[in-house]
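The numbers in the numbering used here rise by one with no breaks, and the one at position 20 of the sequence shown is 3.
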Amino acid sequence: MWCFIQVVFLLLEDFETFIVGDFGDMDVDKSNLSVMCTGNHRLLTDVHSWCECVSEGDVTTLENFDGYDTTTVYKEGEMISQESVEEDA
């Protein structure tokens, strides 16, 4: 199953580190410090692991997977909130 995940960065350093990683197909928007990635379920695991282990600032992920839209907020590598809602049909 395919997923879409948008990653929004507060720090330019996090953004620049992320875009050289291997996160599937990426659409990079430097003006907004955001990246849109598409891939399979492993992509979600890889992105969230990066947010926890590598990120040094605030990162927000907006994902669509398996019928749910999920927003996750990380602050300095720690998940501080996550909210999932069922996707509109």
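All residues carry an ideal CB built from backbone N, CA and C; glycine is no exception. Owing to the predicted nature of the structure, the values given are computational and were not obtained by experimental measurement.
Spatial distance of residue i from residue j (CA atoms)
i	j	result
E61	M9	24 Å
C(-14)	S64	20 Å
C34	Y57	7 Å
V42	Q(-11)	10 Å
H24	M(-16)	7 Å
Where residue i falls, given that 16 or more other Cβ within 10 Å makes a residue buried
i	result
S106	The structure shown does not extend to residue 106, since the chain spans only -16 to 72, so no value can be given for it.
C36	exposed
H31	buried
D(-3)	buried
V3	exposed
V18	buried
T55	buried
Paired residues, beta bridge with residue i - DSSP
i	result
F74	Residue 74 cannot be examined here, being either before or after the span of the chain that is shown, -16 to 72.
F(-2)	Answer is none; F(-2) lacks a bridge partner.
(request) Spell out a yes or no on whether the stretch -2 to 12 and the stretch 45 to 58 are touching, meaning 3 or more CB-CB pairs, one atom from each, closer than 8 Å. (result) Flag = no, the stretch -2 to 12 and the stretch 45 to 58 do not touch.
(message) Quick check on the DSSP output: what are the complete beta strand (DSSP E) runs of length 3 or more inside the stretch 19 to 54, in order along the chain?
(response) Qualifying beta strand (DSSP E) stretches, in chain order: 41 to 48.
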